[in-house]
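Mapping the sequence shown onto this note's numbering, position 203 (from 1) lands on 260, and the numbers just tick up by one. A short worksheet on the structure shown next.
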Amino acid sequence: MQEPDIAGNLETVRNAITEACAQFGRDPASVNLLAVSKTKPVALLHAAMAAGQYHFGENYLQEALEKIEAIDDPAVQWHYIGAIQSNKTRQIAGHFDWVHTVASAKVARRLSDQRPDNLPPLKVLVQVNISSEASKAGVAPADAPALVAEMADLPRLEIRGLMAIPAPAPDESGQRAEFAALRMLRDRIREEMGSKLPAFTDLSMGMSADMSAAIAEGATWLRIGTAIFGSRD
Ligand SMILES: *Cc1c(COP(=O)(O)O)cnc(C)c1O
58 MQEPDIAGNL ETVRNAITEA CAQFGRDPAS VNLLAVSKTK PVALLHAAMA AGQYHFGENY
118 LQEALEKIEA IDDPAVQWHY IGAIQSNKTR QIAGHFDWVH TVASAKVARR LSDQRPDNLP
178 PLKVLVQVNI SSEASKAGVA PADAPALVAE MADLPRLEIR GLMAIPAPAP DESGQRAEFA
238 ALRMLRDRIR EEMGSKLPAF TDLSMGMSAD MSAAIAEGAT WLRIGTAIFG SRD
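See the structure below:
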């Protein structure tokens, strides 16, 4: 297979972000790009770093730990975006900077308890099953405020906001409705929690196929894999 042109792909994605920000009145500085590098070799991550990309998202713990060790660069921020088994929380708390997929009080408590003292608090987002799909990960929207409230006192977590992977929608307005629901849930929790969670601002939503709809509805973290690294097969 031909090597993807990572620098060129990153430029294309960054230009698309800038354009969508102009179209929807967003400040480009408020939209962060997470390069989702699952299944991709370390050489491609190095190519992305050479092009100025330092946030990487990984789904599979063992694979991620190998890459973190191989790259061994404190400038890189590692984001865990996969399913969390509670017997894996110690390694996640020890090696990642961000976790986007917290969906239970038990996992949150373990991540806080197991976050090493020499590292800053772990930045976490609560994953919400925003489309209420039977088989999907994430807390039900109605249960998200209580979960965030329960997490608020955990000393070694910085609770940054909400994450979702909405069900595919038939068109752009349908996509936007799903993302808007996550934004409104964040705003509601912000109001309820008042000043207790000053950092509760982020919305991790939007992937390669629905980036612009996510920007329109307030995404602060786009999780982009395919458009940067090519398809996964
Ligand atoms: C794989 C993955 C992505 C990236 O998806 P692309 O369609 O390749 O951009 C984003 N978020 C999560 C949670 C993923 O698992």
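We put the beta carbon where it would ideally sit given N, CA and C, even for glycine. All values derive from a computational prediction rather than experimental measurement.
Excluding sequence positions up to five away, which residues of its chain have a Cβ less than 6 Å from the Cβ of residue 223?
187, 188, 235, listed in sequence order.
Taking 8 Å as the cut-off, decide whether the C-beta atoms of residue 202 and residue 272 are in contact.
No, these two residues do not count as a Cβ contact at 8 Å.
Output needed for residue 242: all residues of its chain with C-beta closer than 7 Å, excluding positions within five of it in sequence on either side, in chain order.
So the list reads 185, 198, 201, 219, once near-sequence residues are dropped.
If I'm right that residue 275 touches residue 260 with Cβ under 8 Å, what's the distance once you round it to whole angstroms?
Going by Cβ atoms, the distance from residue 275 to residue 260 rounds to 5 Å, so yes, they are a contact pair.
Run through DSSP, which three-state label would residue 289 get?
Coil, per DSSP.
Boundaries (first-last residue) of the beta strand (DSSP E) holding residue 88:
Here residue 88 belongs to no beta strand (DSSP E), and DSSP marks it neither H nor E.
Per DSSP, what kind of secondary structure is residue 115 in: helix, strand or coil?
Here DSSP, grouped into helix, strand and coil, assigns residue 115 to strand.
From the DSSP secondary-structure annotation, give me the bridge partner or partners of residue 159.
Under DSSP, residue 159 forms a beta bridge with 183.
With respect to 7 Å, is the separation between the Cβ of residue 97 and the closest non-hydrogen atom of ligand 1 below this value?
Because no heavy atom of ligand 1 lies under 7 Å away, the Cβ of residue 97 does not count as near it: no.
Quick one: what's got a C-beta closer than 7 Å to residue 87's C-beta in the same chain, skipping five residues either side?
So the qualifying residues of the chain are 277.
What is the C-beta distance between residue 113 and residue 137, in whole angstroms, given that I count them as a contact (C-beta under 8 Å)?
Contact flag wrong, Cβ pair sits at about 10 Å.
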